[in-house]
Every structure is written in structure tokens, then in C-alpha cells.
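Numbering (our numbering), first residue to last: 6 to 261.
The C-beta atom is built at its ideal place from N, Cα and C for all residues, glycine as well.
As the structure is a computational prediction, the values presented were derived from the model and not from experiment.
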Amino acid sequence: MKIATWNVNSVRVRWSQVGDWLAQQRPDVLCLQELKCEASQFPWEAFQKLGYSALVAGQKAYNGVALLSREPGIDEEVGLGDFADPQQRVIAATFQGIRVVSVYCPNGDSLGSDKYQYKLTWFDALQRYVQRALERYPRLVMAGDYNIAPHDQDIHDPKAWAGEVLCSPPEREKFEALLSLGLRDCFRQVKPWESEAFSWWHYRINAFKRNLGLRIDHVLASEGLIEGLQDCQIDKVPRGWERPSDHAPVMATFDL
DNA sequence: ATGGTTGATCGTCAA
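This is the structure:
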């Protein structure tokens, strides 16, 4: 089973690229983030033509998450349950007995900002959500844009980035807390020592060509699934396409 | 040099 994630930065701009990538890679489930549109504007037909069903949590202009899948999902749930959030950042459903969650975690803007505080509070709600979800769904994959580079290894220039948003100690503690619930970072599980492996590059300063990036998009899997993990790859190719998303897709392959 | 890019929406906000 292949489960992938991609922050597409507007699904209305990127639907054709997503379609091309789906046709090439044929993941069983693709978690999308930053749709930047309402469900009524979602390009359902483009994915339907490729044999993919969609579950969509959209909103006007910002955020928005979805699950594309070869087989329809069941038991769809939108949001974090006990945390009322007007921003659409979480959608979950079950595929072939695997609970899959697509997450778009807050960016945080800068340390000390209101958005940074919201990010930390939001991660506390995500922590409670995952704790509950694992009780009900021990076979769980949560994939998306976490907006956190977990270790210095995940940053092109750790000294320049030290203490900045996306890698500040409080953010990293929130990420580690999620792992402490029994989730593993699939990429690090497969490639513990690989450096210079990034999933996001700024549009400015020729960041992609110079590989000035961060690894902030992650596929996390519950412990029961890890023994079946075969591979996890960041596909940099779509980031080099014309008018790309600033994020690359990440895909984990499980032998289940 | 407080610059630089992209997207939603149409004056800024968000990333």
C-alpha cells in the first residue's frame, strides 16, 4: 500500500500536475494540503478520470485538505474533534483497514506572533486527537505538512535557521510529543542518516536549484505498521516542473 | 538592501 502527501499550494492551479503525478506513481491514498478553495471549486472530475475518489474539507482562499484514493474511504471525519477551528486543516478516513489522516499544521509566522501561539495550541489539540485516534485505529498513518523540521539534519543551514519558526525548540517538542504516542517518521525510519533531503524550498532566491530547503512534510505511521514499511521517498521531480508547488510529494510504501 | 516569490483576491494577507 502506497500512502503519499503533497502540499499543492492551490489545487486549482496544480490539479494537472497532481493528475500527472498520480498517473505515474499510482498511490493508494494521496493526502493533499493547501487546497486554497471551497469544496465546490475542487477539481473532482480531473481525479475521477484517473480513477481516484476524493474526500474534501475546503474553505475560501486558505488552508483546505483532502484525501484522494483508488478505493473510496469510509468513516470520514473532518477537524480535530474537541478543538473548534474555523481553519480546515484535518481530514481522516479509513482505507483497507488503515486510518489515514491528512494534516496541514499551522505555519506559525514568527516567534512571539499570535500565529505562533496558535500553532503551539493547535499542536496540543492534535496531540489529544492522535491519542484518541490510536485507541480506536491502531493502524494509523498521519501525513502532511507539519511545518516543523524535526532535527538540524532536516535543514540546509541549521546555524542560520537556529531558533527560527519551523525549527524552534517548542515546535520540535510538539513534534517529538506526537512520536512519543507511538508514531514513527517513515522517512527517518528508512533513511536515518540521509542529509540534504528536503520537502520544501522557498520560491525566492532560487532556493530549489541551490537545494536550500527544509524537510517539513512527513509521513508518520503507528508502530504496528512500521514492520511493514518498505520505503519512503521524497519526489523532488515535480518541484522542478513549470510553475510548481513550493513543496514536493512524499510517499511511503507498506507491505501489508 | 527589511529586498526576493507565489496564490487568493482585488488591498492586502498568508506562506
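- Gln53 is classed as exposed because its beta carbon has fewer than 16 other beta carbons within 10 Å across all chains shown.
- Taking all protein chains in view, the Cβ of Ala89 is surrounded by fewer than 16 other Cβ atoms within 10 Å, so the residue is classified as exposed.
- In this structure, Ala148 is the residue among Tyr67, Gln22, Ala148, Lys65 with its C-alpha nearest to the C-alpha of Leu35.
- Of the residues assessed, Glu140 falls on the exposed side of the cut-off, its CB having fewer than 16 other CB atoms within 10 angstroms.
- Within 10 angstroms of the beta-carbon of Arg133 lie fewer than 16 other beta-carbons, which makes it exposed.
- Counting only unbroken stretches of 4 or more residues, the alpha helix (DSSP H) elements lying wholly within the stretch 168–229 are 174–185, 191–195, in sequence order.
- Our two residues, Phe203 and Glu82, have alpha carbons roughly 30 Å apart in a direct line.
- Between Glu39 and Val23, the CB-CB gap reaches or exceeds 8 Å.
- Across the set Phe213, Leu55, Glu228, Cys237, the C-alpha of Phe213 shows the shortest separation from the C-alpha of Ser250.
- Look at Ile231 here: in three-state DSSP terms it is helix.
- Secondary structure note for Ala62: its beta strand (DSSP E) is the uninterrupted segment 58–62.
- Secondary-structure assignment with DSSP links Tyr109 through a beta bridge to Asp150.
- Taking the C-beta atoms as reference points, Asn152 is found no nearer than 8 Å to Cys191.
- In this structure Trp205 is in contact with His252, their Cβ atoms being roughly 5 Å apart against a cut-off of 8 Å.
- A Cβ-Cβ separation of about 5 Å places Val255 in contact with Ile239 under the 8 Å criterion.
- Excluding its 5 nearest sequence neighbours in each direction, Arg189 has C-beta neighbours in its own chain below 7 Å: Leu225, Ala226, Glu228, Ile231, listed in chain order.
- Counting along the chain, the unbroken alpha helix (DSSP H) around Ser21 starts and ends at 16–30.
- Between Arg75 and the set Gly63, Gln93, Gln101, the nearest pair of CA atoms involves Gln101.
- Three or more Cβ pairs closer than 8 Å define a contact, and the stretch 58–67 falls short of that threshold against the stretch 25–35.
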